[in-house]
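*Asks:* If you count the sequence shown from 1, position 173 lands on 158 in our numbering, and the numbers rise without skipping. Backbone N, C-alpha and C define an ideal beta-carbon position, used for all residues, glycine too. Please read all numbers here as calculations on a predicted model, not as lab measurements. Take a look at this one; I'll ask things after.
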Amino acid sequence: MRVIVACSGGPDSMALLDICRKKGYEIAVAHVNYKKRETANRDEKIVRQYCENYGIPCFVDEPTWDHVGNFQAWARDVRYDFFIDCAKRFSTKQIEVAHQMDDCLETYVFQKQSGRLPGCWGIQEKMLRKGFWIERPLLGYTKAELAEYCDKARVPYGIDESNLSDDYTRNKIRHHILANYSQEDKVALMEKIRKENADLEMQREKADAFLKSDWTCSQLIKEQSPFVLERFLYQNCHQHLAMKHVASLWKQIQSDCLIDLGDYTLESFHDHLYCEKKQEAFQLFLPALEYKSYGPFSLCEKGKVIEGMNLQSGDFPLCIRTVKEGDKIALRFGTKKLSRFFVDRKIPKTWRKKWLVVENAEKVIIFVPGIGCDVQHFSTHPNAFMIQ
């Protein structure tokens, strides 16, 4: 088997590297040195020396942290992107990572403390990331067992001194909670995690089946399960929210409301639920008519009657933009305010902010998707069709 082994130089990953080598795998090693610890270069040297001893290809990355924010999250993304890059260079889809039982238990306790419903309790044994398999074959072993393996097999390793302090939440969990667990306690907790993951999967399947149906907000509330709402939010805004937060949202969506979720907006409107990503106001100038896709809309030669308009040379340059307060269009049966159109058609507020209009060179709105063109640009043979 051809694999990339992610190796930090610590006892867990050095044990994994040695085990994979002894199993006869065709190996290449990926090591990331963030230069953040005094012993970082020592760990890199340990990994390089082992690889040199056994003729194993060794890829090393030294990324530079020049961001503001969460270093750990940035480091994780950089690390896994590098592993995937190494896998591409080594022509494999398999990446072996040395998370072990204690890591899984720490993650589980951390998840419980956060109050969020995760995609998986603990750490997944196998997962797909950007088309590559991340495998964690050591979840059945404790950190102590892997250190003992290295000592007996005379496999060198370094100790990460940052793991010895209580500066990180995971370290506190390790030192003050899991340190009191016996081997039997840890195995029992791993079994509990497996059962909770099986239950989580059942709830997820039930929620997904419901969300695939033609459901309404009132039917969602009748389900009496905030998990369904949590699943809806994850599918639409890719966030695992704390269940306290989900319970609060659950109460709010029982009537029409608009809720700010950071980069997204959640809206309960006329018995339907909408979750939309916030967008900046859109504006695009077109100097001439060209049939093609422009991202949020397309101009076509053919289409439905309501999508058509007869553009004239004096209309250019056109301005395609999002709706502004006070916008209106002169139709054959009279002038229509767009705000009135949205109310009459029961258009959710989250959609209204993305609605486009076509404005001509004289700053007159000549077309609105869903309404059609103004009286001056109506024709039985339109020369342009706008599809949003």
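Whose C-beta lies closer than 6 Å to the C-beta of E391 among residues of the same chain, with five residues either side of it excluded?
*Replies:* The structure shown has nothing for residue 391, since the chain only spans -14 to 373.
*Asks:* In whole angstroms, what is the alpha-carbon distance linking C304 and F267?
*Replies:* The straight-line gap from Cα to Cα measures roughly 10 Å.
*Asks:* Alpha carbons only, please: which of G355, Q220, T250 is nearest the one belonging to I291?
*Replies:* Comparing Cα-Cα distances from I291 to each of G355, Q220, T250, the minimum goes to G355.
*Asks:* On the criterion of 16 or more Cβ atoms from any shown chain inside 10 Å, does C43 qualify as buried, or is it exposed?
*Replies:* By the 10 Å Cβ count, C43 comes out buried.
*Asks:* Based on DSSP bridge pairs, tell me the residues matched to I350.
*Replies:* E344
*Asks:* Tell me where the beta strand (DSSP E) around A266 begins and ends.
*Replies:* Note, A266: premise wrong, no beta strand (DSSP E); not H, not E.
*Asks:* Using alpha carbons as the reference points, say which of Y249, H84, A164 lies closest to Y126.
*Replies:* H84
*Asks:* DSSP has Q79 in a bridge; who is on the other side?
*Replies:* The partner list for Q79 (beta bridge, DSSP) reads W118.
*Asks:* Go through its chain and collect everything with a Cβ distance to Q297's Cβ below 8 Å, but skip five positions before and after it.
*Replies:* H362
*Asks:* Evaluate K348 with the Cβ neighbour count: other Cβ atoms within 10 Å of its Cβ, from every protein chain shown; 16 or more gives buried, anything less gives exposed.
*Replies:* K348 is exposed by the Cβ-count criterion.
*Asks:* With C-beta atoms as the reference, is L174 less than 9 Å away from Y65?
*Replies:* no
*Asks:* Going by CA-CA distance only, name the one from K21, T77, L316 that's closest to E120.
*Replies:* T77
*Asks:* Exposed or buried, what is C5 when buried is set at 16 or more other beta-carbons lying within 10 Å of its beta-carbon?
*Replies:* buried
*Asks:* Fully enclosed by the region 134 to 169, which alpha helix (DSSP H) runs are 4 residues long or longer?
*Replies:* 154 to 161
*Asks:* Confirm, please, whether the CB-CB distance from H225 to G104 is below 9 Å.
*Replies:* In this structure, H225 lies closer than 9 Å to G104 by Cβ.
*Asks:* Please return the same chain residues whose Cβ sits closer than 6 Å to the Cβ of C(-8), not counting the five positions on each side in sequence.
*Replies:* S(-2), L2, V14, H16, V32
*Asks:* Ends of the beta strand (DSSP E) at A369?
*Replies:* 369 to 372
*Asks:* In whole angstroms, give me the CA-to-CA distance for M228 and M86.
*Replies:* 26 Å
*Asks:* What is the residue span of the alpha helix (DSSP H) that D28 lies within?
*Replies:* 25 to 39
*Asks:* If you run the structure through DSSP and keep just helix, strand and coil, what is M331?
*Replies:* Contrary to the premise, residue 331 reads as Lys rather than Met in this sequence. DSSP places K331 in coil when its eight states are reduced to three.
*Asks:* Relative to the C-alpha of R159, which candidate in C71, E91, H366 has its C-alpha closest?
*Replies:* E91
*Asks:* Does the Cβ-Cβ distance between M187 and S283 come in under 9 Å?
*Replies:* no
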